[in-house]
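Here the structure comes first, spelled out in structure tokens, and everything after it is commentary.
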Amino acid sequence: MSIPANLKYTKDHEWVRVEGDTAVVGITDFAQGELGDIVYVEVETEGETLDQHEVFGTVEAVKTVSDLFLPVSGEIVEFNTNLEGNPELVNSDPYGEGWIIKIKFSDASELDGLLDADGYKAVIG
Amino acid sequence: MKYVTLNDKHIALGAKMVSFAGFNMPVQYEGVNSEHETVRNGVGVFDVSHMGEFLITGDKALELIQKVVSNDASKLTDGKAQYACMPNETGGIVDDLIIYRFSAEKYLLVVNASNIEKDWNWISKYNEAIGAEMRNLSDDYSLLAIQGPKAAEAMQSLTSVKLDEIPYYSFEVGPFAGVDYVIISATGYTGSGGFEVYCKNSEVEQIWNKVFEAGAPFGIKPIGLAARDTLRLEMGFCLYGNDIDDTTSPLEAGLGWVTKFTKDFVNSDQLQKQKEEGVSRKLVAFELVDRGIPRHDYEITDGNGKVIGKVTSGTMSPSLKLGIGLGYVPTELAALDSEIFIKIRDKELKAKVVKAPFYKK
Chain Y
1 MSIPANLKYT KDHEWVRVEG DTAVVGITDF AQGELGDIVY VEVETEGETL DQHEVFGTVE
61 AVKTVSDLFL PVSGEIVEFN TNLEGNPELV NSDPYGEGWI IKIKFSDASE LDGLLDADGY
121 KAVIG
Chain A
1 MKYVTLNDKH IALGAKMVSF AGFNMPVQYE GVNSEHETVR NGVGVFDVSH MGEFLITGDK
61 ALELIQKVVS NDASKLTDGK AQYACMPNET GGIVDDLIIY RFSAEKYLLV VNASNIEKDW
121 NWISKYNEAI GAEMRNLSDD YSLLAIQGPK AAEAMQSLTS VKLDEIPYYS FEVGPFAGVD
181 YVIISATGYT GSGGFEVYCK NSEVEQIWNK VFEAGAPFGI KPIGLAARDT LRLEMGFCLY
241 GNDIDDTTSP LEAGLGWVTK FTKDFVNSDQ LQKQKEEGVS RKLVAFELVD RGIPRHDYEI
301 TDGNGKVIGK VTSGTMSPSL KLGIGLGYVP TELAALDSEI FIKIRDKELK AKVVKAPFYK
361 K
């Protein structure tokens, strides 16, 4: 299972990649494996500004529905519209083509509170 | 927790195991969508040894079965199987099952794993006055469902029984995979053809291994319960505990075709009255017009916030790439093309009533 060292993580199994003032967010390899085949990614919060930990969307696998929580506060500036037709990208390339949203974050200090790869590894045991 | 004989084999094959009906069962191996596809277009094997088997024998066997099931088992001949349900006394369903006739005095009832004890007690209660011989074989027998359009061709080298000549809902008892007496039944829960093979627990490992050897050139794969559910739902087959239960009438559930008033059975008077008067709600198949996935227990609404029913089963159809489901709605909205709405995360999404099966070859 892949846990890239250059990313930040949350206990809710999201990853965050910082690019300037933007955070790219997806779900981890562990999360996609646990969910199984993903059939629908719904994000209807594009353009909205939400607080850290708020629900910004849902990811649906064949058997389960799982909420997506915002890892850091900010404006959701982009949704990966490739996922509308190809939700399986989250399974096949969770850290690349399967990214879900981009956030223009409002409080950089929240990033420091996220887990690093070792911290996340400890969470999933 | 109970374990099927091949539990360790499933784990070694990489299955994700879950508790289902008190058994540790493989829910998926490689992934539900690819497993689904394997059964639709090739051949796959489910270990469904958790299912229950009751042997009913003696000169009172048919009388007992006729009393507890809704279908007319007197129509069965040797080597034939029949789908039926067991009505309860209050308008609902105790379980759904398959009846196999071996001879005029020997029948096998195959019931849902979650209901083995309930069914045994239920049938035993009626047997007190009838006196058939009953044996619960559930702990001694295994069941492999070998399903898919390539099943007969892939398995033919394992048996002298002509597999492609067994009619649907018929069975043969014969040699299979080196075991002398195996029940080979042309039944299943997928809508893609194939067989269900009943054997003793002590024989199942040998059969499993030979099935995979013979099936290898056909790309045979193990299939988990998750794909079993999407496959059956694409056919509109009921799942006990979801679509039918102790509170749903066979007539509401669309099981009128296995409810025969040509004979007396548990609650037949009330059900006949219900048939004459008509039911107020019906189980329908629906597909989402808007984009979304219906799930068990989601509310069905009229589009203006009024709840009119509940989704009993729902999924994203792997074959149709569309949200599909079953649910109860008022009879006036049960007609084909009726517009209903499914409440998904506070939104009412448009759906329409369609004719099952969803999946057509």
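So the sequences go chain by chain: Y and A.
Per the UniProt record's numbering, the very first residue in the first sequence carries number 1; after that it's consecutive.
Per the UniProt record's numbering, the very first residue in the second sequence carries number 1; after that it's consecutive.
Heads up, the beta-carbon is just placed ideally off N, CA and C, and yes, glycines get one too.
Since the model is a prediction, treat every value here as computed from it, not as a measurement.
What runs of the beta strand (DSSP E), each 3 residues or longer, lie entirely inside the stretch 88 to 132 of chain A? 93 to 103, 106 to 111
Beta-carbon neighbours of Asn33/A, restricted to chain Y and to distances below 9 angstroms: Chain Y residues near Asn33/A: Gly36, Asp37, Val39, Val62, Glu88.
With a Cβ-Cβ cutoff of 9 angstroms, do Gly256/A and Lys275/A count as a contact? yes
Would Met155/A be called buried (16 or more neighbouring beta carbons within 10 Å of its own) or exposed? buried
Nonlocal neighbours in the same chain, by C-beta distance under 6 angstroms from Gly22/A, ignoring five residues either side: Lys2
Which of the three DSSP states, helix, strand or coil, is assigned to Met51/A? coil
Among the residues of its own chain, which have a CB less than 6 angstroms from the CB of Asn33/A, if the five just before and after it don't count? Pro318
Could you pull the start and end residues of the alpha helix (DSSP H) that Glu165/A belongs to? That residue, Glu165/A, is in no alpha helix (DSSP H); it is neither H nor E in DSSP.
Counting only beta-carbon atoms, is Asn82/Y nearer than 9 angstroms to chain A? no
First and last residue of the uninterrupted alpha helix (DSSP H) at Met1/Y: Per DSSP, Met1/Y belongs to no alpha helix (DSSP H) and is neither H nor E.
Taking its Cβ as the centre, do 16 or more other Cβ atoms sit within 10 Å of Met25/A, making it buried, or is it exposed? buried
What does the Cβ neighbour count give for Val307/A, buried or exposed, with the cut at 16 atoms within 10 Å? exposed
Is the Cβ of residue 175/Y closer than 9 angstroms to any Cβ of chain A? Outside the shown range of chain Y, which is 1 to 125, sits residue 175/Y, and nothing can be said about it.
Closest by C-alpha distance to Gly188/A, when choosing among Gly327/A, Met51/A, Asp8/A, Lys343/A: Taking the Cα of Gly188/A as reference, the smallest distance to any Cα among Gly327/A, Met51/A, Asp8/A, Lys343/A is reached at Met51/A.
At a CB-CB cut-off below 8 angstroms, which residues of chain A make contact with Thr45/Y? Those within 8 angstroms of Thr45/Y in chain A number zero; the least Cβ separation is about 12 angstroms.
Kindly indicate which three-state DSSP category Val17/Y falls into: helix, strand or coil? What sits at residue 17/Y in the sequence shown is Arg, not Val. Three-state result, Arg17/Y: strand.
Report yes or no: is there a C-beta of chain A within less than 9 angstroms of the C-beta of Glu42/Y? yes
Work out the CA separation of Asp107/Y and Val48/A for me, nearest whole Å. 53 angstroms
Reference Glu97/Y, options Met1/Y, Gly26/Y, His13/Y, Leu7/Y, closest by Cα: Gly26/Y
Please report the distance separating the alpha-carbon of Gly92/A from that of Asp93/Y. 47 angstroms
Which residues, taken in chain order from the stretch 2 to 17 of chain A, show a beta carbon closer than 7 angstroms to some beta carbon of chain Y? none
Beta-carbon proximity check, Gln147/A vs Ser192/A, cutoff 9 angstroms: In this structure, Gln147/A sits near Ser192/A, with a CB-CB distance shorter than 9 angstroms.
Look at Ser170/A and Ala84/A and say whether their C-beta atoms are less than 9 angstroms apart. no
Does Pro26/A get closer than 9 angstroms to chain Y when you measure Cβ to Cβ? no
Please classify Gly292/A as buried or exposed, where buried requires at least 16 other C-beta atoms within 10 Å of its C-beta. Result: buried.
So what does DSSP say about Pro175/A, is it helix, strand or coil? strand
Can you name the start and end residues of the beta strand (DSSP E) that Gln147/A belongs to? Unbroken beta strand (DSSP E) run through Gln147/A: 141 to 147.
Inter-residue spacing [alpha-carbon to alpha-carbon] between Thr49/Y and Trp99/Y: 19 angstroms
Let me check one thing: in DSSP terms, what residues is Arg135/A bridge-paired to? Leu55/A
Skipping 5 residues on each side, what residues in its chain have a beta carbon closer than 7 angstroms to that of Ser124/A? Met134
Alpha carbon to alpha carbon, how far is Glu35/A from Arg228/A? 9 angstroms
So for Gln28/A, helix, strand or coil by DSSP? strand
Between the beta-carbon of Thr190/A and the beta-carbon of Leu225/A, is there less than 9 angstroms? no
Considering only their Cβ atoms, is the gap separating Thr38/A from Ile223/A smaller than 9 angstroms? yes
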